[in-house]
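Asks: When you line the sequence shown up against numbering that gives the first Met the number 0, it's residues 0 to 709, in that order.
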Amino acid sequence: MSTNSLPKRYLITAALPYANGLKHIGHLAGAYLPADTYVRYLRAQKRDVVFVCGSDEHGTAIPIQATKEGTTAQAIIDKYHPIIEQNFKDLGISFDIYHRTSAPIHHETAREFFKTLNDKGDLITKESEQYFDETAQSFLADRYIKGTCPNCSHPGAYGDQCESCGKSLSPDELINPVSTLSGNAPIKKLTKHWYLPLDRHEAFLRKWILEEHANDWRATVVGQCKSWIDGGLLPRAVTRDLDWGVTLPDDVVDGKGKVLYVWFDAPIGYISATKQWALDNEKDWKPYWESKDTKLVHFIGKDNIVFHCIIFPVMLQLHGNILPENVPANEFMNLEGDKMSTSRNWKLEMEDYINDFIKPENGGSQMADVLRYYLTAIAPESKDSEFTWKGFQDANNSELVSIFGNFVNRALVLMHKLCKGKVPPLHAAAMDELDHETIANIKAAKEKVEKLIEEYKFRDALFEVINLARIGNQYMQKKEPWIIAKTLDTNPDGQQLIDNCLHICLQLTGNLAILINPFLPFTAKKICYLLKVVDRILDWENAGSLKLVSVGYSLRPPELLFRKIEDEEICKQVEKLKAAAVHKEVTPAVEAKQEEKAITVKPEIVFDDFAKIDLKVGTIVSAEKVEKADKLLKLQVDLGFEVRTIVSGIAMHFDPAAIVGKQVTVVTNLAPRKMRGIESNGMILMAEDAVGKLHFINPETAIDNGSGVS
Ligand SMILES: [Zn+2]
């Protein structure tokens, strides 16, 4: 990117977290961490940047959570907003403002936005029959109505989504709907609502996304937009019959008792947050949303693509605002073999990580950087990725500790030992090819990292930084200044070689601080402290410099940047995760599933029917994942008389290595079936508990393989 094409200012947004509960590391990895990395880089480039975020505090899930916790909607948002804000701070997410949509300035801004569009004729109104609870005298929006899912027959699906299969629903699609307020069957009643006619804007969206941004946006984002547009855009309701949210302007006819639909008001939260930031800092907010030389970038997870790429841009366009330059949405991050889920309690909350790791005695804020490191190293930028505690430990121990931390520590230790604690000079005449090559690598790293960050490839950019540390280690290893030190009596030029090596290593350390700063800000600061340089050195323009630490300057004694993470620590986390998932509180969805199971009794059969099934006990002798099939394991099961290949859909529930040696019950006379090209010769019996976890059916103590079951 050439300097003259640089935008004048940047406005960076990260998806507004919904304030109905704590947020997990999947959220962090999806939107907040990449946004923060980008913003820290821009700040180091001394560009004009504002980073806004805040709590999304409207929608029906908030009052419903309030009912669940026996309190008010206001109390719910007042409880979660400050915790989420503090969690972000503890993990180094450096918003310029963390606002909230319950703030009066947001209500005014959202109302004005609606009014402008409505007055211009950009909204349409429609009367339609919607579900109404006569007992509660209330229309039943979204989560206030439940019924059977038309897609998967789950009996507790909500009016906006089925939590069992994940499908988006409208209340009309529910089978046997009931009100969650009274439990009664609702009636239909006529009501008027405002709609954003997206169908009017198809041509604009096609041109803007599928032509102008076809190449600079992520393929996954463009692909999702294309399928939305190709699927046909429909008018989308902007209002709701609800008493929690942003009320319509007073002068709107029939607007009483209605609020803006949460998807409409939430993204306007970015604008109101910018306004509040401007007020607090005596700035003008308008250029950030109205001037063409502002670069607007939305960081989000993939579940938010339609809102940020299709709906909000249409709103912005109609309202006369600028459009986003890019929407680098991430895919999802799974956890230990399964999708992260709040309802199934399969998650690692930011709050939990902070409580368990970020304490002074555990390494303090450096441990925030360890999480930032691992989440960036496995960032789901182009496809879903997976957080495992083992992976977390490996990333820390074999990359941060062994490569990055080790290099910085050795450079400082050797400088103290071999150069009297002062930065040694560089003796040009004594430099060799390796010295020049290493310096060239230091200079080249800046451009590589810069290019990748500008392209939102944070994972690759971080890899380049670690690679520079790796180059430093190799350089030191080849130079062996500690060996030269032993030969100084017979080698008068030896000290010059030692000086050159450590001079270059210390300048490389300074460069590592600058390059790692957008990713691991606490570590960058710590290096500055050790080098006794001011934080200003972290300005991006200093990257590539070989004058970061001055010759003759004395530095602080070395301290380790990262500590090793022990097996016990991660075992404890895995156990905690599993225990929480099993002992979790039973949610309404699970309750409904349990009820459904209780009543599923199959029709009576005679003994002869049962006797046709041949059941035998066998031992799993090997287990491996089936390629490109998340759910399947290929098992070899020893049945005593033969070893069978059986493909089983249990990969999300068991670690293949952990089940080898386990006895199981096998249906041995099931007709063979091909799955993913592998012939499966039998079926393993499993029991499913209330939370959907699978268990083997096996004898209490080990018995002979091939024993019959009847
Ligand atoms: Zn469903």
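Note that CB positions come from ideal geometry on N, CA and C, so glycine has one too.
What you are looking at is a predicted structure, and each value in this text was computed from that prediction instead of being measured.
#1: Lys524 to Leu634, Cα distance in whole Å?
#2: Going by alpha carbons, who is nearest to Asp47 out of Gly639, Leu5, Thr66, Ala18?
#3: Based on Cα-Cα distance, which residue from Gly300, Asp264, Asn333, Ala277 lies nearest to Met314?
#4: Give the residues whose C-beta lies closer than 7 Å to at least one heavy atom of ligand 1, in chain order.
#5: Check the DSSP bridge columns for Met682 and list the partner residues they point to.
#6: Could you tell me whether the Cβ atoms of Phe298 and Pro266 are closer together than 8 Å?
#7: Who pairs with Trp193 in a beta bridge, going by DSSP?
#8: Which residue's Cα is closest to the Cα of Ala34: Ile92, His212, Lys7, Ile76?
#9: Would you say the beta carbon of Ala140 comes nearer than 7 Å to a heavy atom of ligand 3?
#10: In the DSSP assignment, the alpha helix (DSSP H) including Lys624 goes from what residue to what residue?
#11: Going by DSSP, what residues sit across from His98 in a beta bridge?
#12: If you follow the beta strand (DSSP E) that Arg160 is in, where does it begin and where does it stop?
#13: For Gly660, count neighbouring C-beta atoms within 10 Å of its own C-beta (all shown protein chains included) and say buried if the count is 16 or more, exposed if not.
#14: My parser needs the beta strand (DSSP E) runs of 3 or more residues fully inside the stretch 59-100; what are they?
#15: Determine the direct distance from the alpha carbon of His23 to that of Val67, and round the result to whole angstroms.
#16: Short of 6 Å in beta carbon distance, which residues of its chain neighbour Ser132, apart from the five on each side in sequence? Order them along the chain.
#17: What number of angstroms, rounded off, separates the C-alpha of Asn361 from the C-alpha of Asp459?
#18: My guess is that Leu631 and Ala622 are in contact by the Cβ rule of under 8 Å, so how many angstroms apart are they, rounded?
#19: How big is the Cα-Cα spacing for Ile61 and Arg469?
#20: Just reading off the alpha helix (DSSP H) that Lys285 is part of, what are its end residues?
#21: Bridge partners of Trp345, per DSSP?
#22: Between the Cα of Asp159 and those of Ser152, Ile144, Asn150, spot the shortest distance and give me the residue it belongs to.
#23: Let's test the definition: count the other Cβ atoms within 10 Å of the Cβ of Ser226 and tell me whether it reaches 16, buried, or not, exposed.
#24: To the nearest whole angstrom, what separates the beta carbons of Tyr372 and Leu347, a pair I think is in contact under 8 Å?
#25: Run through DSSP, which three-state label would His200 get?
#26: Can you tell me which of Val666, Ala13, Gln136, Ala74 puts its alpha carbon nearest to the alpha carbon of Phe50?
#27: In its own chain, which residues sit with a C-beta less than 6 Å from the C-beta of Lys64, not counting the 5 before and 5 after it?
#28: If Gly256 and Asp240 are in contact, beta carbons under 8 Å, what's the gap, nearest whole angstrom?
#29: Between Val663 and Leu576, what straight-line distance do the alpha-carbon atoms span, to the nearest angstrom?
#30: Assign Gly617 to one of two classes, buried (16 or more other C-beta atoms within 10 Å of its C-beta) or exposed (fewer than that).
#31: Starting from Phe386, trace the beta strand (DSSP E) in both directions and tell me its first and last residue.
#32: Can you tell me which of Leu487, Leu514, Ile304, Phe606 puts its alpha carbon nearest to the alpha carbon of Lys442?
#33: Buried or exposed, going by whether 16 or more other CB atoms sit within 10 Å of the CB of Thr70?
#34: For Ser549, which of helix, strand or coil comes out of DSSP?
#35: Less than 8 Å between the CB atoms is what I'm expecting for Arg99 and Ser54, so what's the real figure, rounded?
#36: With burial defined as no fewer than 16 other Cβ atoms inside 10 Å of the residue's Cβ, what is the status of Glu558: buried or exposed?
Replies: In terms of the structure at hand:
#1: The residue you call residue 524 lines up with position 525 of the sequence shown. The residue you call residue 634 lines up with position 635 of the sequence shown. Distance between the alpha carbons of Lys524 and Leu634 is about 50 Å.
#2: Locating residue 47 in the sequence shown gives position 48, counting from the first residue. If we check each option's Cα against that of Asp47, Leu5 comes out closest.
#3: One-based indexing of the sequence shown puts residue 314 at position 315. Taking only the C-alpha atoms, the option nearest Met314 is Asp264.
#4: In chain order, the hits are Cys148, Asn150, Cys151, His153, Ala156, Cys161, Ser163, Cys164, Lys166.
#5: Stepping through the sequence shown from its first residue, residue 682 is reached at position 683. According to DSSP, which records beta bridges pairwise, Met682 is partnered with Val666.
#6: As a first step, residue 298 must be located in the sequence shown, where it is residue number 299. As a first step, residue 266 must be located in the sequence shown, where it is residue number 267. The answer is no: Cβ separation not under 8 Å.
#7: As a working mapping, residue 193 is identified with position 194 in the sequence shown. In DSSP, Trp193 forms a bridge with Thr124.
#8: The residue labelled residue 34 in the question sits at position 35 within the sequence shown. If we check each option's Cα against that of Ala34, Ile92 comes out closest.
#9: In terms of ligand content, the structure shown lacks ligand 3 and carries ligand 1 instead.
#10: Here residue 624 is taken as the residue at index 625 of the sequence shown, counted from 1. Element bounds for Lys624: not the alpha helix (DSSP H) but the beta strand (DSSP E), 614-624.
#11: Translated into the one-based positions of the sequence shown, residue 98 becomes position 99. Beta-bridge pairing links His98 to Gly53.
#12: Your numbering for residue 160 matches position 161 in the sequence shown. It should be pointed out that residue 160 corresponds to Gln in this sequence rather than to Arg. In the DSSP assignment, Gln160 falls outside any beta strand (DSSP E), carrying neither H nor E.
#13: Residue 660 sits at position 661 when you count from the first residue of the sequence shown. Gly660 sits exposed, since fewer than 16 C-beta atoms from the chains shown fall within 10 Å of its C-beta.
#14: Those beta strand (DSSP E) runs which fall completely within the stretch 59-100 and span 3+ residues are 96-99.
#15: On the sequence shown, position 68 is the one that residue 67 refers to. On the sequence shown, position 24 is the one that residue 23 refers to. With the sequence shown as reference, residue 67 is identified as Lys, and Val is not the correct amino acid for it. The alpha-carbon atoms of Lys67 and His23 are separated by roughly 21 Å.
#16: Position 133 of the sequence shown, counted from the first residue, corresponds to residue 132. Contrary to the premise, residue 132 reads as Asp rather than Ser in this sequence. Sequence-distant Cβ neighbours of Asp132 in its own chain, meaning closer than 6 Å and more than five residues away, are Leu139, Ser178, Leu180, Ser181, Pro185.
#17: If you number the sequence shown from 1, residue 361 lands on position 362. If you number the sequence shown from 1, residue 459 lands on position 460. Approximately 29 Å, taken between the alpha carbons.
#18: Sequence index remark: in the sequence shown, residue 631 carries index 632 (1-based). Sequence index remark: in the sequence shown, residue 622 carries index 623 (1-based). Incorrect: roughly 11 Å between the Cβ atoms, too far for contact.
#19: The residue you call residue 61 lines up with position 62 of the sequence shown. The residue you call residue 469 lines up with position 470 of the sequence shown. Cα to Cα, Ile61 sits roughly 49 Å from Arg469.
#20: Counting from 1 along the sequence shown, the entry for residue 285 is found at position 286. The continuous alpha helix (DSSP H) containing Lys285 extends over residues 285-289.
#21: Your numbering for residue 345 matches position 346 in the sequence shown. Looking at the DSSP assignment, Trp345 forms a beta bridge with Ser340.
#22: Along the sequence shown, one-based indexing puts residue 159 at 160. Comparing Cα-Cα distances from Asp159 to each of Ser152, Ile144, Asn150, the minimum goes to Ile144.
#23: Against the sequence shown, residue 226 aligns to sequence position 227. Exposed, by the Cβ-count rule.
#24: The sequence position of residue 372 within the sequence shown is 373, counting from 1. The sequence position of residue 347 within the sequence shown is 348, counting from 1. The C-beta distance from Tyr372 to Leu347 rounds to 15 Å, too long to meet the 8 Å contact threshold.
#25: Taking the sequence shown and counting its residues from 1, one reaches residue 200 at position 201. For His200, the secondary structure class from DSSP, reduced to helix, strand or coil, is helix.
#26: Here residue 50 refers to the residue found at position 51 of the sequence shown. Taking only the C-alpha atoms, the option nearest Phe50 is Ala13.
#27: Taking the first residue of the sequence shown as position 1, residue 64 is located at position 65. Correcting the residue identity first, residue 64 is Gln in this sequence and not Lys. Listed in chain order, the non-local C-beta contacts of Gln64 below 6 Å within the same chain comprise Asn19, Ile75, local neighbours out to five positions each way being set aside.
#28: Sequence index remark: in the sequence shown, residue 256 carries index 257 (1-based). Sequence index remark: in the sequence shown, residue 240 carries index 241 (1-based). Here Gly256 really is in contact with Asp240; their C-beta atoms are around 6 Å apart, less than 8 Å.
#29: As a position in the sequence shown, residue 663 is number 664, starting the count at 1. As a position in the sequence shown, residue 576 is number 577, starting the count at 1. A straight line joining the alpha-carbon of Val663 with that of Leu576 spans about 25 Å.
#30: As a working note, residue 617 is residue 618 in the sequence shown. Classification of Gly617: buried, given that the 10 Å Cβ count is 16 or more.
#31: The residue given as residue 386 occupies position 387 in the sequence shown. For Phe386, the enclosing beta strand (DSSP E) begins and ends at 384-386.
#32: Here the question's residue 442 lines up with position 443 in the sequence shown. Of the listed residues, the one whose Cα sits closest to Lys442 is Leu514.
#33: Within the sequence shown, the letter at position 71 stands for residue 70. Flag for Thr70 reads exposed.
#34: One-based indexing of the sequence shown puts residue 549 at position 550. DSSP places Ser549 in the coil class of the three-state scheme, outside both helix and strand.
#35: What you label residue 99 is simply residue 100 of the sequence shown in a count that begins at 1. What you label residue 54 is simply residue 55 of the sequence shown in a count that begins at 1. Yes, Arg99 and Ser54 are in contact; Cβ-Cβ is about 5 Å, under 8 Å.
#36: As a position in the sequence shown, residue 558 is number 559, starting the count at 1. Exposed.
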